[in-house]
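Enquirer:
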Amino acid sequence: MPTDPKRGGRQFLLKVCGITKIYPNLTVFRNINFSTERGSFAVFLGPSGCGKSTLFRVIAGIERKDSGHIEWKGEKVSDLKDETAMMLQKDLLLPWSTLLDNVLIPAKVLGKDLQRERNKAIDLLSRFGLSGFEDYFPYQVSGGMRQRAALVRTLLFDREILLLDEPLSALDALTRRLLQKEILRIQLEFEKTVLMITHDIKEALFLADRIFLLSHLPTGIIKEIDMRDMPKPRQNLGPKLAAMEEEIFSILRGELVDA
1 MPTDPKRGGR QFLLKVCGIT KIYPNLTVFR NINFSTERGS FAVFLGPSGC GKSTLFRVIA
61 GIERKDSGHI EWKGEKVSDL KDETAMMLQK DLLLPWSTLL DNVLIPAKVL GKDLQRERNK
121 AIDLLSRFGL SGFEDYFPYQ VSGGMRQRAA LVRTLLFDRE ILLLDEPLSA LDALTRRLLQ
181 KEILRIQLEF EKTVLMITHD IKEALFLADR IFLLSHLPTG IIKEIDMRDM PKPRQNLGPK
241 LAAMEEEIFS ILRGELVDA
């Protein structure tokens, strides 16, 4: 696996090299370049409608890219459909299925041993505060509980990279903070590499090892903020993080003004 000598030999798991996405009459993003290390947490911040979700869909192989390439563990690949699991803003739980049946969807899709996966699912649901709710339907539980179930479902795909597309944006502030902490915990416990989209600067500062700021269309990465030397969990902003928050806000506000 390739390493970056400037970063003390840290290993790149994923490299996105000059990828471009063009629709008829619209260039969504052009020449996007970034890399992530195994077990890292990268957050993407940018104006609404700048193509962040499209970027994730291209990485996951849901949409095709028009140029550039992706490297996985040093080898060029067409996409990462077999290496990624995606979680969206909406929980997308099937309303006619119980929470347990919903989180077992990956096992059924991938043809895994259902009894073994059922045991894993029950254990994970319990660890996410959903013990006793396995047989409830989505409409019977809160939004935060549905998102917890959606996160368990994402984990049960057992992929190395988690693509989180604004998974907490619809939640109240308290539930959101609790789930932020849970996401950090599972990232460390399950040794996942996480790429996350958010519009919340404080959320990015709380979670990220690196923050990528994106421009308006056609989207490019205008700044990378490296936070790998700042220990987590970051319980409060403090003067340094508050200054970083103001810097990020100023940059993104400029993108909105110039759009």
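If you use full-length UniProt numbering, the sequence shown closes out at 259, no skipped numbers anywhere.
Think of the CB as a built atom: it goes at the ideal place given N, C-alpha and C, for glycine as much as any other residue.
In this text the structure is predicted, and so the values were computed from the model without any measurement.
1. Go to Val-141, then tell me how far its beta strand (DSSP E) extends in each direction, as first and last residue.
2. Going by DSSP, which residues form a beta bridge with Trp-72?
3. Based on the DSSP output, what are the partners of Arg-146 in its beta bridges?
4. According to DSSP, Val-43 sits in a beta bridge with which residue or residues?
5. Report buried or exposed for Pro-167, applying the criterion of at least 16 other Cβ atoms within 10 angstroms of its Cβ.
6. What first and last residue would you give for the beta strand (DSSP E) that runs through Asp-165?
7. By how many angstroms is the C-alpha of Phe-133 removed from the C-alpha of Leu-178?
8. Taking DSSP's pairing of strands, which residues face Ile-19 in a bridge?
9. Return the CA-CA distance between Leu-217 and Glu-255, expressed in angstroms with no decimal places.
10. Can you tell me whether Glu-224 is helix, strand or coil according to DSSP?
11. Please classify Val-28 as buried or exposed, where buried requires at least 16 other C-beta atoms within 10 Å of its C-beta.
Expert: Per the coordinate set shown:
1. From DSSP, Val-141 is part of no beta strand (DSSP E); its letter is neither H nor E.
2. Leu-14, Glu-75
3. Per DSSP, none; premise fails for Arg-146.
4. Met-196, Ile-211
5. buried
6. 161 to 165
7. 18 angstroms
8. Ile-32
9. 10 angstroms
10. strand
11. buried
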